[in-house]
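Numbering (this note's numbering), first residue to last: 4 to 497. Okay, so here's the structure we're looking at.
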Amino acid sequence: MKRFSSIRRRTNTSSASTNNLDESGCSLDLLVNKTIDFAYRGVRLKFDLSHALFSSFGIDTGTRLLMKEIAHEPGIVGARRLLDAGCGTGVIGISLAASCPVMDVVMRDRDFRAVAFAAQNAARNGLAVELYGYDGTQRVLCRKRHFSKVKVGERLAAPLRAEAGLLCEPDARGPYDAVVSNLPAKAGSSVLAQYFEAVRTRLVRPGGTFAFVVVEPLAEQARAWCTEAGLRLKRTVATKNHMVAIAEVPEEPLMAELETEAGRWFVPYLRARSQKRIAGADLAWDGIQGLPEFDEPSYATSCALALARRAFSGLLVRRALVIEPGVGIAPLWMRAVVGPQEIVLKSHDLLALVASLHNLESTGFLGVTLVPEPDFPVEAQSQEGATNGIEERLDRLSPSSESASVQPSTPLPRPLEAASIDAVILFLEDVPTFDSASYYWPLISRVLKRGGVALIVGESTKTERAVRQKPPSFSKFPSAERKKGWEAVAFRYD
Numbered sequence: 004m005k006r007f008s009s010i011r012r013r014t015n016t017s018s019a020s021t022n023n024l025d026e027s028g029c030s031l032d033l034l035v036n037k038t039i040d041f042a043y044r045g046v047r048l049k050f051d052l053s054h055a056l057f058s059s060f061g062i063d064t065g066t067r068l069l070m071k072e073i074a075h076e077p078g079i080v081g082a083r084r085l086l087d088a089g090c091g092t093g094v095i096g097i098s099l100a101a102s103c104p105v106m107d108v109v110m111r112d113r114d115f116r117a118v119a120f121a122a123q124n125a126a127r128n129g130l131a132v133e134l135y136g137y138d139g140t141q142r143v144l145c146r147k148r149h150f151s152k153v154k155v156g157e158r159l160a161a162p163l164r165a166e167a168g169l170l171c172e173p174d175a176r177g178p179y180d181a182v183v184s185n186l187p188a189k190a191g192s193s194v195l196a197q198y199f200e201a202v203r204t205r206l207v208r209p210g211g212t213f214a215f216v217v218v219e220p221l222a223e224q225a226r227a228w229c230t231e232a233g234l235r236l237k238r239t240v241a242t243k244n245h246m247v248a249i250a251e252v253p254e255e256p257l258m259a260e261l262e263t264e265a266g267r268w269f270v271p272y273l274r275a276r277s278q279k280r281i282a283g284a285d286l287a288w289d290g291i292q293g294l295p296e297f298d299e300p301s302y303a304t305s306c307a308l309a310l311a312r313r314a315f316s317g318l319l320v321r322r323a324l325v326i327e328p329g330v331g332i333a334p335l336w337m338r339a340v341v342g343p344q345e346i347v348l349k350s351h352d353l354l355a356l357v358a359s360l361h362n363l364e365s366t367g368f369l370g371v372t373l374v375p376e377p378d379f380p381v382e383a384q385s386q387e388g389a390t391n392g393i394e395e396r397l398d399r400l401s402p403s404s405e406s407a408s409v410q411p412s413t414p415l416p417r418p419l420e421a422a423s424i425d426a427v428i429l430f431l432e433d434v435p436t437f438d439s440a441s442y443y444w445p446l447i448s449r450v451l452k453r454g455g456v457a458l459i460v461g462e463s464t465k466t467e468r469a470v471r472q473k474p475p476s477f478s479k480f481p482s483a484e485r486k487k488g489w490e491a492v493a494f495r496y497d
């Protein structure tokens with residue numbers, strides 16, 4: 004696959020010291036719910052938890068059960084290279100790294116916020132850690148004080164690596180000695196079955212260990228997935244709500260051809276294809292396992308596009324920004340009706356970005372730029388040598404293998420440089436105590452051109468707050484769109 008001007012190379016020329024957020028200005032602080040203490044294998048640690056992430060009040064019972072069962076498992080604690088897949092805030096990976104000083108640990112999650120929390124939790128516990136964006140560039144973490152009353156012994160391994168990634172995505176750093184996963188039921192059976200196959204064939208070396216926990220309704224399926232993938236179940240521990248399993252990859256190597264072609268790894272994520280006429284446009288999209296709107300647009304999307312049809316009418320849009328695009332219905336509508344040359348997609352959810360990219364590329368549209376949330380600045384030293392690695396990883400991320408485009412010969416501007424966007428659609432998130440409208444207004448004010456239009460959609464109480472918080476330089480359109488408790492409002496940057 005030879006494309007990807009669509010995820011643009013970053014050319015952040017500012018130094019890390021000037022971009023790095025200080026103690027009082029870290030975007031993650033707005034999402035911290037509480038800080039908890041946790042002791043594991045003789046090491047005392049602390050973790051920031053978030054309302055925006057799984058298990059925001061404490062370490063969930065499934066993770067606790069898994070960690071208890073692997074605490075003395077030789078294949079886990081004796082591993083030199085370990086992957087924590089679906090790391091969340093990093094409890095498993097950080098605890099193992101802190102208590103196993105020679106273990107190299109990679110923490111991966113589809114949610115870049117989770118990855119950022121995991122990296123920051125590692126750093127605040129005194130562990131060396133590197134954070135990587137979707138494009139493979141190393142990112143600058145916020146400067147934060149170490150947690151108090153935490154002391155981790157000297158480590159002899161490489162810094163922990165925290166990065167966004169999907170369960171079935173090919174992993175250039177595999178195979179590992181061990182993989183540990185708290186498997187999310189919402190990922191979908193087809194994705195989880197393929198993940199077990201990937202563990203057997205690519206992620207874990209022959210003789211290595213796979214330890215996982217699933218909710219009880221998936222226990223029998225998980226046993227079957229182990230059998231079908233050729234994994235040897237060493238033992239299981241079941242409670243009323245969860246099952247932990249320790250499996251071993253057979254010593255006999257298995258060369259798999261399945262899902263090795265560029266883009267084929269994404270096949271298990273695909274659901275049925277839908278076709279609908281929405282706000283004057285005939286749209287078609289593939290539903291995606293683990294994402295809503297697999298066959299119908301949500302009320303939020305319906306409101307947003309009904310208003311966008313009026314608010315964007317007559318507006319010359321070369322560059323559009325969609326924040327939290329979901330499966331990609333709103334970007335598809337923008338492409339069909341507004342006709343921008345480029346669509347920038349920004350989200351904390353890598354699956355949503357890849358899904359939107361997949362659905363846009365299925366129409367032949369290649370002008371896509373993906374931006375993580377939060378978008379930490381790039382480490383200066385990583386920019387020069389990262390290009391080949393970036394393009395290699397982006398090729399793996401692309402669900403489409405047939406598209407081709409010419410890579411630019413000169414560096415491209417930052418995707419969200421000042422006054423670079425003509426139209427914005429922002430889908431407000433439902434995160435307790437997090438005021439997403441207030442969070443995004445400064446970004447919209449910075450990137451939107453004069454005369455540009457920003458459309459904000461969410462639950463009515465949230466959009467009303469967005470109206471109250473609008474900067475003085477924005478004027479609200481007189482009309483709004485409402486449906487079943489959802490509301491879309493639009494603003495022009497005067």
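Where is the CB? At the ideal position from N, CA and C, for every residue including glycine. This structure is a prediction, so every number in the text was calculated from the model and none was measured.
For residue i, I'd like the list of residues in its chain whose CB is within less than 6 Å of its CB, leaving aside the five on either flank, ordered along the chain.
{"i": "Ala-131", "result": "Pro-162"}
{"i": "Cys-306", "result": "Val-460, Glu-484, Lys-486, Trp-489 and Ala-491"}
{"i": "Val-240", "result": "Glu-72 and Val-247"}
{"i": "Cys-29", "result": "Cys-145"}
{"i": "Ala-275", "result": "Gly-290"}
{"i": "Leu-308", "result": "Ile-281, Ala-282 and Trp-336"}
Between residue i and residue j, which are expected to be in contact by the criterion C-beta below 8 Å, what is the C-beta distance as a whole number of angstroms?
{"i": "Asp-180", "j": "Arg-208", "result": "6 Å"}
{"i": "Leu-186", "j": "Gly-91", "result": "The Cβ separation is near 12 Å, so there is no contact."}
{"i": "Leu-458", "j": "Ala-493", "result": "5 Å"}
{"i": "Asn-128", "j": "Ala-101", "result": "6 Å"}
{"i": "Arg-226", "j": "Glu-382", "result": "At roughly 43 Å, the Cβ-Cβ gap does not stay under 8 Å, so Arg-226 and Glu-382 are not in contact."}
{"i": "Gly-211", "j": "Val-270", "result": "The pair is not a contact, with the Cβ atoms about 25 Å apart (cut-off 8 Å)."}
{"i": "Glu-345", "j": "Thr-372", "result": "6 Å"}
{"i": "Leu-353", "j": "Leu-169", "result": "6 Å"}
{"i": "Pro-300", "j": "Ile-281", "result": "6 Å"}
{"i": "Ala-426", "j": "Gly-455", "result": "6 Å"}
{"i": "Ala-117", "j": "Leu-134", "result": "About 12 Å separates the two Cβ atoms, so there is no contact after all."}
Leaving aside the five residues before and after residue i along the sequence, list all residues of the same chain whose C-beta is less than 7 Å from its C-beta, in chain order.
{"i": "Ala-358", "result": "Ile-291, Leu-294, Val-330 and Gly-331"}
{"i": "Ala-314", "result": "Val-456, Leu-458, Phe-480 and Ala-493"}
What does DSSP give as the partner residue(s) for residue i in the beta ladder?
{"i": "Val-216", "result": "Asn-185 and Val-247"}
{"i": "Asp-87", "result": "Met-110 and Val-183"}
{"i": "Lys-49", "result": "Asp-40"}
{"i": "Val-132", "result": "Leu-163"}
{"i": "Val-434", "result": "Note: Val-434 sits in no beta bridge, so no partner."}
{"i": "Glu-345", "result": "Arg-322"}
{"i": "Ile-428", "result": "Val-325 and Leu-458"}
{"i": "Ser-439", "result": "According to DSSP, which records beta bridges pairwise, Ser-439 is partnered with nothing at all."}
{"i": "Ser-350", "result": "Pro-375"}
In three-state terms, what does DSSP make of residue i?
{"i": "Arg-164", "result": "strand"}
{"i": "Glu-394", "result": "For Glu-394, the pLDDT reaches just 45, beneath the cut-off of 50, and the residue's location in the model is therefore unreliable, although a value from the coordinates is still provided. If DSSP states are grouped into helix, strand and coil, Glu-394 belongs with the helices."}
{"i": "His-361", "result": "helix"}
{"i": "Thr-204", "result": "helix"}
{"i": "Ala-82", "result": "coil"}
{"i": "Ala-2", "result": "Residue 2 lies beyond the residue range present for the chain, which begins at 4 and ends at 497; the question has no answer from this structure."}
{"i": "Asp-298", "result": "coil"}
{"i": "Asp-32", "result": "helix"}
{"i": "Pro-377", "result": "coil"}
{"i": "Ile-62", "result": "coil"}
{"i": "Ala-495", "result": "It is worth fixing the name first, because residue 495 is Arg in this sequence and not Ala. If DSSP states are grouped into helix, strand and coil, Arg-495 belongs with the strands."}
{"i": "Pro-445", "result": "helix"}
{"i": "Thr-464", "result": "helix"}
{"i": "Thr-140", "result": "coil"}
{"i": "Gln-278", "result": "strand"}
{"i": "Gly-96", "result": "helix"}
{"i": "Val-155", "result": "coil"}
What residues in its chain sit with their C-beta under 8 Å from that of residue i, if we drop five residues either side in the sequence?
{"i": "Ala-82", "result": "Cys-103, Met-106, Tyr-179, Asp-180, Ala-181, Gly-211 and Thr-212"}
{"i": "Val-434", "result": "Leu-34, His-54 and Ala-55"}
{"i": "Lys-189", "result": "Gly-293"}
Do three or more CB pairs link the segment 291-306 to the segment 176-195 at distances below 8 Å?
Touching, yes, given that three or more Cβ pairs across the two stretches are closer than 8 Å.
Taking 8 Å as the threshold, find out whether the segment 99-116 comes into contact with the segment 70-89 through three or more Cβ pairs.
Contact between the segment 99-116 and the segment 70-89 is present, with at least three C-beta pairs closer than 8 Å.
Say whether the segment 214-225 touches the segment 236-251, bearing in mind that this needs 3 or more beta-carbon pairs closer than 8 Å, one atom from each stretch.
Flag = yes, the segment 214-225 and the segment 236-251 touch.
Using 8 Å as the threshold, is the segment 42-61 in touch with the segment 226-235, meaning 3 or more CB pairs across them?
No, because fewer than three Cβ pairs between the segment 42-61 and the segment 226-235 fall closer than 8 Å, the two stretches do not touch.
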